[in-house]
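Protein chains in written order, with this note's numbering: chain A, 212 to 610; chain B, 212 to 610; chain C, 212 to 610; chain D, 212 to 610. All C-beta atoms, glycine included, are put in the ideal place defined by N, C-alpha and C. Just so it is clear, the structure is predicted and the values come from calculations on it, not from any experiment. Working notes for the structure below.
Protein chains: 4
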Amino acid sequence: MGSLRWFTAGESHGPGLTVIIDGVPAGLPLSEEQIRQQLARRQKGYGRGGRMKIETDYAHIRGGVRQGRTMGSPIALWIENRDFDKGLGPDKRPWRETMSLESVDPTPTQVTRVRPGHADLTASLKYGYDDVRDSLERASARESAARVGAGAVARRLCEELGCEFNSHVVQIGSVALDPSVEADWDAVEASPVRCTDASVAEAMIDAINAAKRDGDTLGGTLEARVSGMPFGLGSHVQWDRKLSGRIGQAILSMNAFKGVEIGDGFSGAVLTGRGYHDVVLPQDAWDGRAWRRQTNHAGGIEGGISNGEDLIVRVAVKPIATLAHPLPSADLATGERVEAHYERSDVCVVPAAGVIVEAMLALVLADAMLEKFGGDSLAETRRNMESFLATAVPRGEWT
Amino acid sequence: MGSLRWFTAGESHGPGLTVIIDGVPAGLPLSEEQIRQQLARRQKGYGRGGRMKIETDYAHIRGGVRQGRTMGSPIALWIENRDFDKGLGPDKRPWRETMSLESVDPTPTQVTRVRPGHADLTASLKYGYDDVRDSLERASARESAARVGAGAVARRLCEELGCEFNSHVVQIGSVALDPSVEADWDAVEASPVRCTDASVAEAMIDAINAAKRDGDTLGGTLEARVSGMPFGLGSHVQWDRKLSGRIGQAILSMNAFKGVEIGDGFSGAVLTGRGYHDVVLPQDAWDGRAWRRQTNHAGGIEGGISNGEDLIVRVAVKPIATLAHPLPSADLATGERVEAHYERSDVCVVPAAGVIVEAMLALVLADAMLEKFGGDSLAETRRNMESFLATAVPRGEWT
Amino acid sequence: MGSLRWFTAGESHGPGLTVIIDGVPAGLPLSEEQIRQQLARRQKGYGRGGRMKIETDYAHIRGGVRQGRTMGSPIALWIENRDFDKGLGPDKRPWRETMSLESVDPTPTQVTRVRPGHADLTASLKYGYDDVRDSLERASARESAARVGAGAVARRLCEELGCEFNSHVVQIGSVALDPSVEADWDAVEASPVRCTDASVAEAMIDAINAAKRDGDTLGGTLEARVSGMPFGLGSHVQWDRKLSGRIGQAILSMNAFKGVEIGDGFSGAVLTGRGYHDVVLPQDAWDGRAWRRQTNHAGGIEGGISNGEDLIVRVAVKPIATLAHPLPSADLATGERVEAHYERSDVCVVPAAGVIVEAMLALVLADAMLEKFGGDSLAETRRNMESFLATAVPRGEWT
Amino acid sequence: MGSLRWFTAGESHGPGLTVIIDGVPAGLPLSEEQIRQQLARRQKGYGRGGRMKIETDYAHIRGGVRQGRTMGSPIALWIENRDFDKGLGPDKRPWRETMSLESVDPTPTQVTRVRPGHADLTASLKYGYDDVRDSLERASARESAARVGAGAVARRLCEELGCEFNSHVVQIGSVALDPSVEADWDAVEASPVRCTDASVAEAMIDAINAAKRDGDTLGGTLEARVSGMPFGLGSHVQWDRKLSGRIGQAILSMNAFKGVEIGDGFSGAVLTGRGYHDVVLPQDAWDGRAWRRQTNHAGGIEGGISNGEDLIVRVAVKPIATLAHPLPSADLATGERVEAHYERSDVCVVPAAGVIVEAMLALVLADAMLEKFGGDSLAETRRNMESFLATAVPRGEWT
C-alpha cells in the first residue's frame, strides 16, 4: 500500500516534465541510458505526428542515484521540452511566451473551442479556466512520457527480481490480429505498429493512412504480458489490496484507455466455469517451477493475488480526440456552435500505448513486490523474495 | 483522495461481517431499512445457492448515526452470519467450532484440495496457510455483502446530491441482450436475472438451469449506469486522481470481475475518432441542463473527469470458480493430483454482481464528490456543489 | 506507509465501539484475553470517575482470527457499551433512547452549553450540529478504549518480534518524580497512579483528591519506553516516512495530549552538541548487541530511523476539560453567557494515558516493521527481520 | 486526507533539489519571487556555516503555473545546487565526480566514521550502504530548502484564505526569552537570531560564538504562530484526521526537531483544568469575530479541530550533530573506535528552524483547508470557506 509512490508534473509546452519516484530500494543499478531506451520506444510507432520527429526525449536523473546505483532516496527525473525555448506555438509566438510563468503582454490567445473527448470542457468547468490551454497542456498525452520515465525505473527493479515486460498491438481500427497467434517479441519491437504479424501490420498502416487522409483518428486494442512475476503479490483480504484492482486503476488512469481486462475478460464471460478455470497441475508436471497451470484464462491473478503465471492485460484505446477535420462543438465562452480547436496531434497512438501500459504495470508490480517482500536494498528485497519462494513447496513431503 | 474511506472485515462462516465507513458528512438521513433494501437486492437473482434461502442479511448500524441522521463520525455496520451459531459445516460440525477463535480439539478438518480460479492456492502460498479454509473464508463472495452495506451508505449520500444508480444484466453465458435495447429499470428490478427483456431473461434462466445440471457455472456481462452525477468529479492533473482509474480499481477489486469498460471500451476501440467522440451541443440545444452531448460513447468521463452525462460502466463477470463437478487440481499438502474441493456455492452470480457494481460506484462517487465539494455536513456539501454548478455557464454573456 | 491500517467507530453512549485493523500478518497467536489485559490496564488508575466502576471493557474478536491465530485478514473488534442498554442518561432517560438510531419522541434534550477544552464548540461549528451531544459522544475519551484494543493487537505482533512496552507517570499537577529515578515496571503496574516511587505516588493521589474536592481536574506528564525494537524502522528519505513524525502524529492525535518529545526534547534543547549526542561505542564494548550507544538522549531515533536503543517518548497530558465546577462559557444556540455543561467525568487520566500511549506506539511500530520487513505471516516477517539484523555487522572483518 | 500532497528529492551536493506539490487549486497568484523570499529567510540567521554565504537558493517553477497563476496541475520546483558543478568536495575533487550518476574511477573516498545524532549509522544499516555519504547527502538539513519551497506555495494559498505565519526564537542554548514577552514580528525579522528582544539576541549571539570557539553546537526552542486561520480544520472523528496529530507529524519529521507542543504543552500539564481551559466569551464580547476565547492555552486546537484562535506551536531543536571537534564514534566498516566524520556545517540552526516550521505548518493547513472546503480554484475554495464561516453564528436568534 504505497511502498512505491510517484508523481509527475509539467505541461506539454512548458519547460519540461518532472517526476519523483519515492521508495525505490538502494543498490539498484540504474542509468539514464536505461530510461532513454523506454522513452525511445514510446516515441516510435506509425501514426505519430510531427512532435515525435523534432524532439527526442531524454530524462536526466537529478536525485536518488550515485555511482551507478540507487541510494534509496527519491529519484527525480527531468525531461526537458525543447519546444519551450525554441518552438513557436499559436500566432507564431514562442512557446515560452504562451506558457510563460509570468503574465505577458499581450495576453496569449485563448483557446475556447473545446474538443470533445478531451479534458477541454470538463477540466475548464472544474478548475474555472477561461483558457482551455490551462487544461490541455496538462491533460496532453505528453504526460505519458513522464510515466514511461517513472515506469522505466520501476521496470529496472522488477527486472532484477525476475520480471520481463512485453506488449503488442492486437487491433487498430477494424484490423485485428488473429487471437490465436502468439507474439514474437522481436518481431513486435521491429514492427512500426508493434504488431507481431507483418501482413496484419501492413493493413494497420493502411488504415492509419486512410484515417489521416480523412483528418480522422484511430484507436485499437493491445495486450501486455509480464512473465517471471512471483506469486503472492496483492492480497484477497481488503478491497484496495487486490492486485487486479490496482492494475485496473493504473490502466484506466490514462485518458485514452477506456477498457481493461485481466486474462479472459469479456470473452471469458461467455465460457462456463469448466472451460474458464485454469487447472492446477500435479507436482510431477511442474517441470522445475512450482504450482503450474494447464491454461491461463485468469491472466495470472486469482483472488486478487498473482499466481505465478504470466500476467496478461488487454487494453482498449479510444481513437485520439484531436481531429484534423474537427468535430462540431460549443464555445466555452459563449456556448455557441463552433468547430473544435485543432492542435498538432497524432493519428493513432495504439503502438505507443503498449509501452505506456508496460510502464504502468511495472509501477504497480514494483509497489506490490516491495509491499510483499519489504526491504530497503535490492539485496534485502531479493533475499526476502527468495526465502519466500522457497517456502512455497507442497506442505507435505516434497523435497 | 481518501475523503471517504472504508474497510470490511469478517469471514464467510465466522460470527459476521464488520464495516467501518469513515468520512460521511453529518446530517445525512440514514436508516437500517435503506441498507436492508440494498442487501436484499444482492441476495436475489436466479442461480444463487442455498445460503440465500436460509439467511436474510441485515446490517445493524453501530456508530455514526443518531436520531435518524449521520453525525459525521465513522459509521459502523454489523451483519451477523446466522450460520455461525446455528449452522453445521464440514463433518456435520457446528460452524462455531470450525471457525472458533480459540483452538478446538479435534482440529477442524483441513481443506487442502485447492480450487482453480479462487484465492485457494494463491492466498495459501502467500500467507503460509496449511488449511485453505483460512483463505476461502475471507476470499468468499460473502464479503460483497459488506461492500453492499458500505455502498448503501455512500449511495444515500450520492442520492441526496442528485445521483441515481441502476444496473442490468446484458449477457449470461452465451445468451446476450441486443445492445441497442434500452433498459427499463422497473422491469430489471422485477426480473429474476435482472434483465430488461423478458424473453432474453427466460433464455438466461434456461442457460443457468443447464449449467446447474452439468455441475457447471456461468459468467456474463452487466452494465451499470449513474445518472444525475455532477460534472467535475475526478481530475486530469495526476494519475491517481482520475475518476476513471478509481472506478477501474473499485471494479477489478472484486475477484469475479475480470474486465471493465467505461462507455464504449473494446467496442469503441474499433471506431474512428469522428464516430467515437461526443459532440458538445450548443447552448440553444441544452434544454435546461448545461453542456449537453449528442451521444455518450465516453460513458460520462473525459480526461479523467465526469462530464455531466450518465456514467456507463460495463463489467465482465467470470463464471464461479466452485464447481459441483469439480475440476482436477493439486493438493496443497502433497502436490498430488486431486479433485478440487467443493463447498456450497451458486451457479451464476451475474444478477447480484450488478448490485455490487452499483455499490462500488457509489463508494467511488461519494469519495469524489466529497473531494471536489468538501463539506462536513450534507447541507454544506450540497451548498458547495450548487454554488459550483452555478459557475459552469458559458464564460460569456449567458444569463 | 500504511502496511497496517486501522479505524475505530462508535460513540461513548452508543451500542459500542467497533475496530478494524487491516494488515496484521497471518499466524500471530492472539486471544481475547490478551486484549482484555490491556483494556483492564486502561481502566485502572486513581482519579477515574464512575464509569470505570460500572463497566469492564471486553473486546470480542469478530474477524481475522481462527483456532488461536490470525489469518492475515482484517481483525474486527467489538466492545459493547453496557450502559447503552441498561443505563440512564440525561433526564433519567435510557441511553438507548437518547442515542437511538431512529428519531425518538420527545426529542432528547439538547446540550448547547459548550465546554471549553473539548470538541464541543469546534465540532459543532464544523459539522453543523445543533446538539453538542453529536460531538461529545465521539470526541469522548471513551474512544481510547478502541485504540487500546487495536493497540493490543499491534503489541502482540511487536512482542513476537522482540519489543517490550512500558510507561510510567512522571508528573501529576505539580507533583513530579525526580527525573533521575529509573522506573521499576512492576512497581509501576502495582501503583494506583502508575508511578514508580510510592511516596511520590502518594503525593499525586493527594493532589488528585484536592482537585476533586475543588471540582477541578489535573494533567501531567508520562514517559513511555519500548525496548528490544530493531534498528532500521522509519526512513530519512521522505518527510512522511520518518519514524519520529509518525510517532508525533500518533501521540498528538489524542485530544488530551498537547506535547510530545522523543528522547531529550525541550530539556535537550538546552544542551550543547557535545553533551547531547550519543557516542557510538566501539565493537569491543557491544556486549552481545550491535552498535550500542553510551547514552540515549536521542530516545532511540536518529535521522527519522530507529537506532536500536530504547524508544523514549514523553507526553504532556492536559487537565480534563469537563469540570464538576464548570467554567463560564457561551451557549451554542444563543451566544449567551452560561456555565459549561457537566457530564460524568474523571478528575485525572494521566495514569490511563500511559496505556494509551503504549497502544499508539505499538500501532506505529507494527506498521513500521511490516513496511521494513514485509511478509504476510509472522514466520515470514520474523525471518526477514532476522536476516536483515544479521547483515548489520561492521562491513569489515567482524565475525 | 491528502488533498495536498508533496514530495521532495535531491541530495545535498547533487545537481539540485526537486519538489512536486500536487493539489494546489487553480487561480492562485504565484511567482518565483514569492518563493525566493521564503528561501532567503531560511538562509539567514546567525550561526550558519559557509554554504549560506556561497550559495543563494532560487526555486525555478517548472510546472503548474502559467501567466502568473496556478493551473491546478502539480507544481514542480527546481532548486539548483551551484556547488555541484563548481565546488570541490572531499580530496579537493569536484562534487560532480563524488556525486556522479555514473561510477567514476577512482571511486570516491568513502565516509565510514559515523556521526552520532545523524542518520549516518541508522540509514547505513537500514539501506546497506558501505559509504555513509549515501545517507548524509539526503539526510542533510539541505533538504529543508525543498520543504521551504513547497511551504512557500502552500503559504500563498493559506495567505489568500486569511492566514498569517510568524515565528520567533525563544531560547538558544541556555539563553531564554522571558515567556511573557510578546513578539514584535518586525523586530524578529530584523534580528540575526530571529529573537524579538535585542539584548537577549545579543546574549544568544555570544552563546553561538562561544560554542563555535569550542567546536561545539547549540540547539534551542522556537515558537510559531498562525493567525487568521478559520475554525473547523481537522476533525475529532478519526485518529488520523486530527489537526493536532498532522501538525505533530509535520514537525517531528525534521530530524533536528525532538519535541513539539501545541499551546501549553509541558508547562500546561502543571495547570489545573480551571487554569488551563480557555473560557468561551459570550456574544457581546466578540468584537466582530465569532466565538472568541478569553485565553489561548489550547494553542488554537480543541478536539483535534481549529477553534479560530491563533495556532501556537513550540518546537525543541536539538543541537546540530556535526561537530567541528568531533565526538568519539565507531567505524561502519570495522566497528573500531574512531572520531566522527566532520563535514562543513553550521553551529546553530534555531533561527532558520522557525522558517521551516512555518513552511511545515503552511503545508498542513493548506491540506486541511482543501479537505474542509474542497474546491479546485482559489475562487471556489474561498467561496466555500466564506459560506461556511457565515453559518457559524449562534444557532438561535443572532443576526
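- Boundaries for E393(D): no beta strand (DSSP E) harbours it, and the DSSP string shows neither H nor E there.
- The residues T323, R324, V549, in chain order, have a CB closer than 7 Å to that of D542(C) in the same chain once the five nearest residues on each side in sequence are set aside.
- E400(D) carries a helical assignment under DSSP once its states are collapsed to helix, strand and coil.
- Excluding residues up to 5 positions away in sequence, T407, D408 lie with their Cβ nearer than 7 Å to the Cβ of V392(D) in the same chain.
- When rounded, the separation of the alpha-carbon atoms in A361(B) and A563(B) is 16 Å.
- Residues of the same chain with a CB within less than 7 Å of the CB of V411(C), apart from the 5 flanking positions on each side, are V386, L388 in chain order.
- Closer than 7 Å to the CB of R594(A) there is at least one CB belonging to chain C.
- Just so you know, the alpha carbons of L228(C) and R273(B) end up roughly 8 Å apart.
- R503(A) and Q494(A) have their C-alpha atoms spaced approximately 8 Å apart.
- In this structure, the alpha-carbon of W217(B) lies about 7 Å from that of V230(B).
- Here S598(B) is near R594(D), since their CB atoms are less than 7 Å apart.
- Each of G586(B), R353(B), A532(B), N507(B) was checked against the Cα of N292(B), and the nearest Cα belongs to R353(B).
- Where M282(A) is concerned, there is no enclosing alpha helix (DSSP H), although the beta strand (DSSP E) around it starts and stops at 280-282.
- Exclusion of the five residues before and after I512(D) leaves L454, S455, I473 as the residues of its chain whose Cβ lies within less than 6 Å of its Cβ.
- CA-to-CA, the gap between V448(D) and S351(C) works out to about 10 Å.
- Within the segment 280-292 of chain A, contact with chain D at the beta-carbon level (separation under 9 Å) is assigned to R280, M282, G283, S284, P285, I286, A287, L288, W289.
- Cβ-Cβ separation between R436(C) and I516(C): approximately 18 Å, too far for a contact (criterion under 8 Å).
- With respect to the C-alpha of P226(D), the residue from R358(D), K303(D), D498(D), I290(D) having the closest C-alpha is I290(D).
- A distance below 7 Å separates the beta carbons of D587(C) and G283(C).
- Inter-residue distance for I232(A) and G479(D) is about 42 Å (C-alpha atoms, whole angstroms).
- Residue environment analysis places E348(A) among the buried positions, since at least 16 neighbouring C-beta atoms fall within 10 angstroms of its C-beta.
- Counting other Cβ atoms within 10 Å of its Cβ, A601(B) stays below 16 and is therefore classed as exposed.
- The C-beta of R424(C) has fewer than 16 other C-beta atoms within 10 Å across all chains shown, which makes the residue exposed.
- For the segment 524-591 of chain A, the continuous beta strand (DSSP E) assignments of 3+ residues that do not extend past its boundaries occur at 539-541, 548-550, in sequence order.
- V380(A) has L433(A) as its beta-bridge partners, per DSSP.
- With respect to the 7 Å criterion, R366(C) and L239(C) are not classified as neighbours on the basis of their beta carbons.
- The DSSP-derived three-state label of E520(A) is coil.
- Contacts with chain C at 7 Å (Cβ-Cβ) include D587(B).
- The DSSP assignment places 306-309, 331-338, 344-350, 354-371 as complete runs of the alpha helix (DSSP H) inside the segment 303-388 of chain D, in order along the chain (cut-off: 4 residues).
- Under DSSP, the beta-bridge partners assigned to V471(A) are V526(A), V471(B).
- Listed in chain order, the beta strand (DSSP E) elements of length 3 or more contained wholly in the segment 228-258 of chain B are 237-240.
- Contact annotation, V359(A) with Q249(A): C-beta distance approximately 5 Å; criterion of less than 8 Å satisfied.
- For R273(C), the uninterrupted beta strand (DSSP E) run begins and ends at 270-274, by DSSP.
- Listed in chain order, the positions of the segment 313-324 of chain B with a beta carbon within less than 9 Å of a beta carbon of chain C are E313, S314, V315, T318, P319.
- The beta-carbon distance between L444(C) and A579(C), rounded to whole angstroms, is 4 Å. This is short enough to meet the 8 Å contact definition.
- Just so you know, the alpha carbons of I567(C) and R253(C) end up roughly 7 Å apart.
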